[in-house]
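Worksheet for the structure shown next.
2 protein chains.
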Amino acid sequence: MKLTRKERERIARRELIIDATENLIDRLGIDNITMDTIATEAEVGKGTLYLHFKSKKSIYLAISERGSRLLNHAFGKALLKELPGLKLIEELGRTYLKFVQENPVYFTVFNYYESLINDDDLAQSELAQRCEESAREAMTYIVRALQIGMQDGSINNKYDPHELGIVIWGASRGVIHMAFHKQKKHHMKILDDVNFSLQSLVSNFIELIGTGMANDQQSKNN
Amino acid sequence: MKLTRKERERIARRELIIDATENLIDRLGIDNITMDTIATEAEVGKGTLYLHFKSKKSIYLAISERGSRLLNHAFGKALLKELPGLKLIEELGRTYLKFVQENPVYFTVFNYYESLINDDDLAQSELAQRCEESAREAMTYIVRALQIGMQDGSINNKYDPHELGIVIWGASRGVIHMAFHKQKKHHMKILDDVNFSLQSLVSNFIELIGTGMANDQQSKNN
DNA sequence: TATAGTTTTGACTGTCGGTCATTAATTGAA
DNA sequence: TTCAATTAATGACCGACAGTCAAAACTATA
Numbered sequence: 000m001k002l003t004r005k006e007r008e009r010i011a012r013r014e015l016i017i018d019a020t021e022n023l024i025d026r027l028g029i030d031n032i033t034m035d036t037i038a039t040e041a042e043v044g045k046g047t048l049y050l051h052f053k054s055k056k057s058i059y060l061a062i063s064e065r066g067s068r069l070l071n072h073a074f075g076k077a078l079l080k081e082l083p084g085l086k087l088i089e090e091l092g093r094t095y096l097k098f099v100q101e102n103p104v105y106f107t108v109f110n111y112y113e114s115l116i117n118d119d120d121l122a123q124s125e126l127a128q129r130c131e132e133s134a135r136e137a138m139t140y141i142v143r144a145l146q147i148g149m150q151d152g153s154i155n156n157k158y159d160p161h162e163l164g165i166v167i168w169g170a171s172r173g174v175i176h177m178a179f180h181k182q183k184k185h186h187m188k189i190l191d192d193v194n195f196s197l198q199s200l201v202s203n204f205i206e207l208i209g210t211g212m213a214n215d216q217q218s219k220n221n
Numbered sequence: 000m001k002l003t004r005k006e007r008e009r010i011a012r013r014e015l016i017i018d019a020t021e022n023l024i025d026r027l028g029i030d031n032i033t034m035d036t037i038a039t040e041a042e043v044g045k046g047t048l049y050l051h052f053k054s055k056k057s058i059y060l061a062i063s064e065r066g067s068r069l070l071n072h073a074f075g076k077a078l079l080k081e082l083p084g085l086k087l088i089e090e091l092g093r094t095y096l097k098f099v100q101e102n103p104v105y106f107t108v109f110n111y112y113e114s115l116i117n118d119d120d121l122a123q124s125e126l127a128q129r130c131e132e133s134a135r136e137a138m139t140y141i142v143r144a145l146q147i148g149m150q151d152g153s154i155n156n157k158y159d160p161h162e163l164g165i166v167i168w169g170a171s172r173g174v175i176h177m178a179f180h181k182q183k184k185h186h187m188k189i190l191d192d193v194n195f196s197l198q199s200l201v202s203n204f205i206e207l208i209g210t211g212m213a214n215d216q217q218s219k220n221n
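The listed protein sequences correspond, in order, to chains A and B.
The letter at position 22 of the first sequence is residue 21 when you use numbering that gives the first Met the number 0, and the numbering goes up by one with no holes.
The letter at position 147 of the second sequence is residue 146 when you use numbering that gives the first Met the number 0, and the numbering goes up by one with no holes.
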């Protein structure tokens, strides 16, 4: 369907605001941004922001949605490889790590989004719905890989793929969350004792759960 | 050392404020609390809050510290059991789950604390230092259990216990975080597909990483 | 009881998210 | 081209809230 010039301009404006906000998050951190700052950076009046977004939250949500789309795209490509299911899971893990390293702003916004989870007026938001949909899609990629693995025998089929998928998703978030902060040099005393790279941490994690879900038969072969 | 009445009263006041805030978090949620609300609940003037805490953040930090102390205490007790290292890790996992279920407010505040990790003026705070110290202590319990397990042969010693500890800690946070929100009925589309209990999710997780870090020898025995 | 010292208080301030009356730009009919 | 009608953009303003501080209330001592 063809868009009118007005519609195209409107969308461009909206993207401009999102771009400006992403920049600011990168430069100032998500907690040090005001609507006035965003307006200035995007070179529009403050009121204009509210013509495109319901609230400050909505802008962050829009960024989150953009990020999820990119991540899902990467996941989709990873799943195209001709590999046994177990390897696909590892591939997804590495894809996620790469995404977080290359797009720290999106990772920041994902965390912000998570922190809103008990926010009631969020549930209504159409944007939030789309974020949820994206998360579900990401989840589907994992489950698909698990199912492939159970089919080809590389993954132990004693688990329910959906339940295992959630465990893997949650655990990955947790591990990468921790590794991310270490990398960002955020003060975390826990992490002082060990000298690990984000890479090695994630590798260890992948090996750990990889071994855990491998078929006994297969794991003997290593 | 003996405390004067004044000192005792001062400490009691402080605890009173913390108690009041915990109550409010439970009733209203951490995002719907104002300093005026806390003052009213604690039956003191607003200014008084600032005689005991530098800021609103500090109050939450104090709650976080209290929670960490309780959690560490539970971890300490779990480690006293006469079990092989691998079982100790499982025991720690279940202890953590139980703690979160019984003390949702502390879990909420832990998450709040985590979200402050890139907050610069936090690093100075003496309270934050103590929270960090607590986290490090929790971490030590896990590492200790891993070392025991590598000693008694129940855990594969191909991993570095510190690094594995961080992986386990991060992954556990992630899984329980997810399960917690499911339980709290927070809208999360990802979770709609599956009908799992917090229990079963954590059990699966424990089994997954348990298998992953078990010695090959041992895992054959199951 | 008088007074010096200490603690508590809530009215006040600055900041920020969000609103809305006003202004500017665009469109399209005459 | 002109001008009225419609639509878009703006920033002065508002309410809410974290944090401050001068004054009030309280306590201890002589």
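Glycine included, each C-beta is placed from N, C-alpha and C at the ideal position.
Keep in mind it's a predicted model, so treat the numbers as computed, not measured.
Expressed to the nearest angstrom, what Euclidean distance is found between the alpha-carbon atoms of residue i and residue j?
i        : j        : result
Leu23/A  : Asp191/B : 35 Å
His186/B : Ala122/A : 7 Å
Ile10/A  : Asn194/A : 46 Å
Leu70/B  : Ala77/B  : 11 Å
Leu15/B  : Phe109/B : 20 Å
Asn155/B : Lys53/A  : 53 Å
Tyr158/A : Arg7/A   : 48 Å
Lys55/A  : Ala38/A  : 11 Å
Ile17/A  : Gly44/A  : 15 Å
Leu115/A : Ala41/B  : 27 Å
Ser199/B : Phe204/A : 21 Å
Glu101/A : Gln182/A : 13 Å
Lys4/B   : Asp120/B : Residue identity check: residue 4/B is Arg in the sequence provided, not Lys. The straight-line gap from Cα to Cα measures roughly 33 Å.
His176/B : Ile175/A : 14 Å
Ile189/B : Gln128/B : 36 Å
Val99/A  : Asn117/A : 24 Å
Gln217/A : Tyr95/A  : Legend: pLDDT at Gln217/A = 43, less than 50; position of this residue unreliable, value from coordinates given subsequently. Rounded to whole angstroms, Gln217/A to Tyr95/A spans 25 Å at the Cα level.
Glu81/A  : Glu132/B : 46 Å
Secondary structure at residue i, three-state DSSP: helix, strand or coil?
i        : result
Ile154/A : strand
Ile10/A  : helix
Ser218/B : Any reading at Ser218/B must be qualified, since the residue scores a pLDDT of 43, below 50, and its modelled position is unreliable; the value itself is stated next. Residue state, collapsed to three classes: helix.
Can you round the beta-carbon distance between residue i and residue j to whole angstroms, since I take them to be within the 8 Å contact cut?
i        : j        : result
Gly92/B  : Tyr140/B : With 8 Å as the limit, Gly92/B and Tyr140/B do not qualify as a contact, their Cβ atoms being about 12 Å apart.
Gly148/A : Pro103/A : Not a contact, Cβ separation roughly 30 Å.
Met34/A  : Leu48/A  : 6 Å
Ala170/B : Ser67/B  : Their Cβ separation, rounded to whole angstroms, is 19 Å, which puts Ala170/B and Ser67/B out of contact at 8 Å.
Gly209/B : Glu89/B  : 6 Å
Ala213/B : Ser124/B : No, Ala213/B and Ser124/B are not in contact; Cβ-Cβ is about 41 Å, not under 8 Å.
Val166/B : Leu207/A : 6 Å
Gly46/B  : Gly211/A : That belief does not hold up - the Cβ atoms of Gly46/B and Gly211/A are roughly 55 Å apart, past 8 Å.
Excluding the 5 residues flanking residue i on each side, which residues of the same chain have their C-beta closer than 7 Å to its C-beta?
i        : result
Thr107/B : Ile24, Ile29
His180/A : Met187
Leu126/B : Ser57, Leu60, Ala61, Glu64
Ala144/A : Leu78, Gly84, Leu87, Ile88, Leu91
Ala178/A : Leu197, Leu200, Val201
Arg12/A  : His51
Ala19/B  : Ile37, Glu40, Ala41
Could you name the residues of the same chain whose beta carbon sits closer than 8 Å to that of residue i, not counting the 5 residues immediately before and after it, in chain order?
i        : result
Glu168/B : According to the sequence provided, residue 168/B is Trp. The question's Glu does not apply to it. These residues qualify, in order along the chain: Ala137, Met138, Ile141.
Gln146/B : Gly84, Pro160
Leu27/A  : Thr36
Glu21/B  : Ile62, Val104
Lys97/A  : Ala73
Cys130/B : Leu60, Ser63, Glu64, Ser67, Tyr112
For residue i, which residues of its own chain have a beta-carbon under 6 Å away from its beta-carbon, when the five flanking residues on both sides are left out?
i        : result
Ile32/B  : Leu23
Gln150/A : none
Got a sec: which bits of the stretch 46-74 of chain A sit with their beta carbon under 9 Å from any beta carbon on chain B, in order along the chain?
-> none
Residues of the stretch 173-193 of chain A with a CB closer than 9 Å to any CB of chain B: list them in chain order, please.
-> Gly173, Val174, Ile175, His176, Met177, Ala178, His180, Lys181, Lys183, His185, His186, Met187, Lys188, Ile189, Leu190, Asp191, Asp192, Val193
Which residues, taken in chain order from the stretch 129-142 of chain B, show a beta carbon closer than 7 Å to some beta carbon of chain A?
-> Glu131, Glu132, Ala134, Arg135, Met138
Along the stretch 159-173 of chain A, what residues have a CB closer than 9 Å to any CB found in chain B?
-> Asp159, His161, Glu162, Leu163, Gly164, Ile165, Val166, Ile167, Trp168, Gly169, Ala170, Ser171, Arg172, Gly173
For the stretch 195-209 of chain A, which residues have a CB atom closer than 8 Å to at least one CB atom of chain B, in sequence order?
-> Phe195, Ser199, Leu200, Asn203, Phe204, Glu206, Leu207, Ile208, Gly209
May I ask you to list, following chain order, the residues of the stretch 19-40 of chain B that have a beta carbon less than 9 Å from some beta carbon of chain A?
-> Going along the stretch 19-40 of chain B in chain order, one finds Gly28, Ile29, Asp30 with a Cβ nearer than 9 Å to chain A.
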